[in-house]
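Visitor:
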C-alpha cells in the first residue's frame, strides 16, 4: 500500500472510530424515556430490574389495562402476596413472551398472570409510539432483538431499534430536558434521570384517580366472535411453553372495561379451552365484583383506583389456589 | 431508489468503484448501466418511454445531420457552377427538411410529455366543466424525469440543427445523455456539448484528494440541507398548506416562510448532492443556484434560481420565438403604428409571456402552477420594467443610493416576499386554496395562531423548534453570504488540517443523525422537484 493511501486509510478509520464512539456516548441521552399522565414505562422497567432476585411470587403481564388494575401494593399489604405488574402501554400480546423471558432472568415466580386486552391487536397495527413504549426502556438482549424482529418483520429494523435506537427516535432535541410538557407528538416524554422516579409506582401498579362515567353493559354486548391474530395465538403458546418449562402456574385474565364484548370474550374462551389453559374474564363476574359504571372507570379502556381495588380483591381470592398448586 | 436512502449511497459507491476500475474509454458504459439500473429501480415500464424518446431524437439528429451533409456535398460539387440564387434556394430547401424533422420530432416528444403529464388533468377538467366523458388517462403513469429528459434531448436535436453540436452516431450515448442518473430526476438541464463530452471522455483528469474531499463535503452538506432543514420545515409547511382552513395570521405566515426555506433547502440540497457525486465521477454538472435570495429584482432572481431551466427555455423557446417570422412581422407592424421602441418592447413582452407560461406549465398542469411560477413572474418583471422610470424618480427623490447595503437588503427582502407570495400558489393545491390561504394570512395576526401550528399532529417543543428554524435560516443566509463574497466554506474546510476537518465532518454527521427527518418517526419525503 502506498504511503499516501495508507494515510488516507488511517484517517478514515479514525473518523469512523470517532463517529462510533461519540454515537454510543450520546445515544443514551436521546433514547426515549416514556412518561405520560398515568405511567412511566422506563421507571417501571428500571424499578423491576432493581428488585431483589427471586423476590416476586406473582408476575402480571400486559398492557395499561393490567397495570392500572392490578394493585400490587394491596396484594402485598393485605394478602401478603409479592407481585409485580411488569407491562407497558398498549403491549401487544405478541410482545409479552419477550417481557416474560426478560423477567424470568431474575425472578422465579410461582404464578404468571397475563391480561388479554391486546389479544386482537396485530403486529401490523403497532405504531412507532407503541414500539417505543414497549422496547425503548428494555435492556439490550438477544431476546429483545428476536422479539423486535418478530414484531417488525425485518432484521435491519430490529437491529436499529435494539442497537441504534438513536437512528429510530431522534426527535428528542425538541424537548430535551423538559419534564412538564405532556402534550407531545408521540405521547412519550423524555426525562433525564428516570431512576429518580423509581419509587413512583411501587410494584408497577399505576394509580388512576380519574372518575369518568361509562356505559358498561357487558351482558348485552355483541356476541359476534372475533378472529384472534396468528401472532397472538403463537404468543399464548409461547407463554404457556415458557411457564410449563419452569413449572409456573399460568393464568390468563381480562379486566372489566366498557370497550369489551361477549363475542370477544367467547373467542378467547374457545381458544383457551382448546389448549387447556386457564382464562378468567372478570367481565363475567362484574355483578359479583359490584363494578359501578358511574364510579369505577377512568375511560372506556381503563378502571380507576376504585375499580382496580375491586378486581384486585377478587384476584387475591383466587391467587392462593394458584400459588399453592404450583 | 430514494436519493436519501442508504441504498442510493451504496449504489453510488458500487458504481464509483466499478467506474474507477475500468479504463476511461469504457467508463461511459458503467454510467449507462448505472443509469439504466437507477431508472429501473423506480419503474420498469417507463424506461421504454425514455428509450423510445432517446431513439427518436437520435434518428432525428442523424436525419438533420444527413441533410446538412447532403447540402455540404451539393455545395462542394456545385460551388463553381451554381449561381447565388440557386445556392440560397437549395440551402433553404435543405433547411426546410431539417426544420421539418426537428418540428416533427418535437411534436412527438412534446406530445408524449403532454399525454403523460397534462392530458389527464386537462381531460378531468373538461369532464368536470362540460359533463363529458373524455378518457382521463388514469392508466398512464408519469414516467420519471420525463420533463427533464424530453427537454434535454430536444435541446440536443436543436443544437445539431443549429450546428452547435454534431449528431452522435452511437444511440447508447444519446440514451446516456438523456437518462444520466444524476440528472434524470430533477435536473439540472444539461446541454449536449457540456455533458456528453464529459460522459464519454476517453481520458480523464485524475482527481486529487482535495477534489474528493470537497465533493464528499458537498454531498454531506446537501443531505444536511435536505434532511435537517427542508424536511423539518416541511412538517410545518405541509400542515399549514394541507389544513389551511385551520390556521390564521401569523400561523399561515410561518407556513409560507417554512415552505420558502423548505423549497430552497430541498432543491439546492439536491443539487449539492448531485453536483458532489458528479465531481467524484470527474463530471462537472452545471450549477442551478447562485444565492437567489440576495437578488435585487425578479429578473435577477431567476438568473440565480433554477438557472439551467431558465437558460434552457431562453435558448430553445424565448429566442426562437423572438426570431420567428411571426414575431418579426409583428414587430414591423407595431413599428409602423406605435414607433420603434414599442416594436421592440411589445414582441419582447409577448415572448416573455409565452416563456413564463411555459415555465409555469412545465411545473405541472394546474392553473396554480401556470399563475404562481408563470404569469405572476411575468407580471413582476413586466411591471418592474414598466414602472422603472417611476422607481428611479422616487429613489432620486428619497436620495436612495443603489450601492448602499440597506437598499440591497430591502430589495432582497422585497424579492423574497414576492417569491413567497408566488409560492403560495405554487404549493397550494389550486388557485382557490391559495387565495383562501392568503385571505387567512390577513386574519387576526395573533401570536397564539403561531403556536396553534405546533399543536395536535405537527411537532412538539414549539419554542425549540422555532429556535432551530431561526438557526437554520441564519445558517443558510450566512453560507450564502460567504459564497456571495466569493468565499467557499467547503474549500476553506478542505484546506484545514485533519483534526479540524474531522471535527467538521463529525458535526455534519451528527447534525444528520440528530436533526435529520428520517426513520419511523417521520414520513419520508421525496424531493419537491421530482414531481415535475
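Protein chains in written order, with my numbering: chain A, 22 to 347; chain B, 835 to 1366. Glycine is no exception: its CB is placed at the ideal position from the N, C-alpha and C atoms.
Taking residue 104 of chain A and residue 79 of chain A to be in contact with their CB atoms under 8 angstroms, please state how far apart those CB atoms are, rounded to whole angstroms.
Guide: Here the question's residue 104 of chain A lines up with position 83 in the first chain. Here the question's residue 79 of chain A lines up with position 58 in the first chain. The pair is a contact, with the Cβ atoms about 4 angstroms apart (cut-off 8 angstroms).
Visitor: With DSSP collapsed to three states, give me the class of residue 190 of chain A.
Guide: In the first chain, the residue the question calls residue 190 of chain A occupies position 169. Correct three-state label for residue 190 of chain A: coil.
Visitor: Could you say if the stretch 1086-1093 of chain B and the stretch 1005-1016 of chain B meet the contact criterion of at least three C-beta pairs nearer than 8 angstroms?
Guide: Output reads no: the stretch 1005-1016 of chain B does not touch the stretch 1086-1093 of chain B.
Visitor: Residues of chain B with CB closer than 7 angstroms to the CB of residue 40 of chain A, please, in chain order.
Guide: Translated into positions along the first chain, residue 40 of chain A becomes position 19. Those within 7 angstroms of residue 40 of chain A in chain B are 1340 and 1343.
Visitor: Entirely within the stretch 108-176 of chain A and at least 3 residues each: give me those beta strand (DSSP E) ranges in chain order.
Guide: Taking only runs of at least 3 residues, the beta strand (DSSP E) segments lying wholly in the stretch 108-176 of chain A are 132-136.
Visitor: By DSSP, does residue 1065 of chain B sit in helix, in strand, or in coil?
Guide: Residue mapping note: residue 1065 of chain B aligns to position 231 of the second chain, counting from 1. Helix.
Visitor: On the DSSP bridge list, what partners appear for residue 79 of chain A?
Guide: In the first chain, the residue the question calls residue 79 of chain A occupies position 58. Note: residue 79 of chain A sits in a beta bridge opposite A:104 and A:132.
Visitor: How long is the line joining the alpha carbons of residue 1154 of chain B and residue 1210 of chain B, rounded to whole angstroms?
Guide: Residue numbering aside, residue 1154 of chain B sits at position 320 when the second chain is read from its first letter. Residue numbering aside, residue 1210 of chain B sits at position 376 when the second chain is read from its first letter. Roughly 23 angstroms between the two C-alpha positions.
Visitor: Taking C-beta pairs closer than 9 angstroms, name the residues in chain B that residue 50 of chain A reaches, listed in chain order.
Guide: Along the first chain, one-based indexing puts residue 50 of chain A at 29. Within 9 angstroms Cβ-Cβ: nothing; residue 50 of chain A doesn't reach chain B, min ~10 angstroms.
Visitor: Going along the chain, which residues of its own chain have a beta-carbon closer than 6 angstroms to the beta-carbon of residue 114 of chain A, five neighbours each way excluded?
Guide: In the first chain, the residue the question calls residue 114 of chain A occupies position 93. Within the same chain, residue 114 of chain A has close Cβ partners 139, 140, 253 and 256.
Visitor: Consult DSSP for residue 880 of chain B and reduce its assignment to one of helix, strand or coil.
Guide: Counting from one through the second chain, the residue named residue 880 of chain B turns up at place 46. Residue 880 of chain B: helix per DSSP, three-state reduction.
Visitor: If you measure between the beta carbons of residue 1156 of chain B and residue 1120 of chain B, is that distance less than 8 angstroms?
Guide: By one-based count along the second chain, residue 1156 of chain B stands at place 322. By one-based count along the second chain, residue 1120 of chain B stands at place 286. The answer is no: Cβ separation not under 8 angstroms.
Visitor: Quick one: residues in its chain with C-beta nearer than 8 angstroms to the C-beta of residue 1324 of chain B, no 5 flanking neighbours on either side, listed in chain order?
Guide: In the second chain, counting from the first residue as 1, residue 1324 of chain B sits at position 490. Cβ neighbours of residue 1324 of chain B beyond the five flanking positions: 1048, 1051, 1052 and 1055.
Visitor: Tell me which residues share the same chain as residue 1008 of chain B and place their Cβ nearer than 6 angstroms to its Cβ, disregarding the 5 neighbours each side in the sequence.
Guide: To locate residue 1008 of chain B, count along the second chain from 1; it is residue 174. Within the same chain, residue 1008 of chain B has close Cβ partners 888, 892 and 1002.
Visitor: For the alpha helix (DSSP H) holding residue 927 of chain B, just list the boundary residues, first then last.
Guide: Residue numbering aside, residue 927 of chain B sits at position 93 when the second chain is read from its first letter. Looking at the DSSP string, the run of the alpha helix (DSSP H) that includes residue 927 of chain B is 918-947.
Visitor: Nearest CA to the CA of residue 1352 of chain B: which residue from A:289, A:187, A:314 and A:312?
Guide: Taking the second chain and counting its residues from 1, one reaches residue 1352 of chain B at position 518. Answer by Cα proximity: A:187.
Visitor: Report the neighbours of residue 1336 of chain B on chain A: residues whose CB is nearer than 8 angstroms to its CB, in chain order.
Guide: Counting from 1 along the second chain, the entry for residue 1336 of chain B is found at position 502. Those are 32, 35, 36 and 39, listed as they occur along chain A.
Visitor: Along the chain, where does the alpha helix (DSSP H) containing residue 1335 of chain B start, and where does it finish?
Guide: Start at 1 with the first residue of the second chain, and residue 1335 of chain B comes out as number 501. Residues 1332-1349.
Visitor: Let's test the definition: count the other Cβ atoms within 10 Å of the Cβ of residue 1036 of chain B and tell me whether it reaches 16, buried, or not, exposed.
Guide: Residue numbering aside, residue 1036 of chain B sits at position 202 when the second chain is read from its first letter. So residue 1036 of chain B counts as exposed.
Visitor: Alpha carbon to alpha carbon, how far is residue 910 of chain B from residue 916 of chain B? Give it in angstroms, no decimals.
Guide: In the second chain, counting from the first residue as 1, residue 916 of chain B sits at position 82. In the second chain, counting from the first residue as 1, residue 910 of chain B sits at position 76. Cα-Cα distance, rounded: 10 angstroms.
Visitor: Using a Cβ-Cβ distance cut-off of 8 angstroms, determine whether residue 1347 of chain B contacts chain A.
Guide: Residue mapping note: residue 1347 of chain B aligns to position 513 of the second chain, counting from 1. Yes, because at least one Cβ of chain A sits closer than 8 angstroms to the Cβ of residue 1347 of chain B.
Visitor: So, for residue 96 of chain A: in the same chain, excluding its five sequence neighbours on each side, which residues have a beta-carbon less than 7 angstroms away from its beta-carbon?
Guide: As a working mapping, residue 96 of chain A is identified with position 75 in the first chain. Contacts found: 102, 104, 333 and 337.
Visitor: For residue 290 of chain A, which residues of its own chain have a beta-carbon under 8 angstroms away from its beta-carbon, when the five flanking residues on both sides are left out?
Guide: Numbered from its first residue, the first chain carries residue 290 of chain A at position 269. So the list reads 300 and 302, once near-sequence residues are dropped.
Visitor: Out of B:1024, B:1249, B:1152 and B:901, which one is the CA nearest neighbour of residue 995 of chain B?
Guide: By 1-based counting over the second chain, the position of residue 995 of chain B is 161. Residue B:901 is the option with its Cα nearest to residue 995 of chain B.
Visitor: So for residue 274 of chain A, helix, strand or coil by DSSP?
Guide: By one-based count along the first chain, residue 274 of chain A stands at place 253. If DSSP states are grouped into helix, strand and coil, residue 274 of chain A belongs with the strands.
Visitor: Given a threshold of 16 other Cβ atoms within 10 Å of its Cβ, counted over all protein chains shown, does residue 5 of chain A qualify as buried or as exposed?
Guide: Given that chain A is displayed from residue 22 to residue 347, the structure contains no residue 5 of chain A and the question cannot be resolved.
Visitor: Spatial neighbours of residue 1265 of chain B within its chain, please: C-beta separation below 7 angstroms, excluding the five flanking residues on both sides.
Guide: Here residue 1265 of chain B is taken as the residue at index 431 of the second chain, counted from 1. The answer, listed in chain order, is 1201, 1202, 1205 and 1259.
Visitor: Where does residue 30 of chain A land, buried or exposed, given buried means 16+ other C-beta within 10 angstroms?
Guide: If you number the first chain from 1, residue 30 of chain A lands on position 9. By the 10 Å Cβ count, residue 30 of chain A comes out exposed.
Visitor: Using the rule of at least 16 other Cβ atoms within 10 Å of the residue's Cβ for burial, across every protein chain shown, is residue 1359 of chain B buried or exposed?
Guide: In the second chain, counting from the first residue as 1, residue 1359 of chain B sits at position 525. Residue 1359 of chain B should be labelled buried.
Visitor: Under a Cβ-count criterion, where at least 16 other Cβ atoms within 10 Å of its own Cβ denotes burial, should residue 927 of chain B be classed as buried or exposed?
Guide: To locate residue 927 of chain B, count along the second chain from 1; it is residue 93. Result: exposed.
Visitor: Taking only beta-carbon positions, decide if residue 249 of chain A is within less than 8 angstroms of chain B.
Guide: Here residue 249 of chain A refers to the residue found at position 228 when the first chain is read from its first residue. Closer than 8 angstroms: no.
Visitor: What residues of chain A sit near residue 1043 of chain B, judged by a beta carbon separation below 9 angstroms?
Guide: Within the second chain, numbered from 1, the residue matching residue 1043 of chain B stands at position 209. Simply 25 and 29.
Visitor: Would you kindly check if the distance between the Cβ of residue 1065 of chain B and the Cβ of residue 1356 of chain B is under 8 angstroms?
Guide: Taking the second chain and counting its residues from 1, the one referred to as residue 1356 of chain B is at position 522. Taking the second chain and counting its residues from 1, the one referred to as residue 1065 of chain B is at position 231. Yes.
Visitor: Look at residue 1246 of chain B and residue 1127 of chain B and say whether their C-beta atoms are less than 8 angstroms apart.
Guide: Here residue 1246 of chain B is taken as the residue at index 412 of the second chain, counted from 1. Here residue 1127 of chain B is taken as the residue at index 293 of the second chain, counted from 1. Cβ distance < 8 angstroms, so residue 1246 of chain B and residue 1127 of chain B count as in contact.
Visitor: If you measure from the beta carbon of residue 43 of chain A to each beta carbon in chain B, is any gap under 8 angstroms?
Guide: Position 22 of the first chain, counting from 1, holds the residue named residue 43 of chain A. With 8 angstroms as the cut-off, residue 43 of chain A counts as an interface residue toward chain B.
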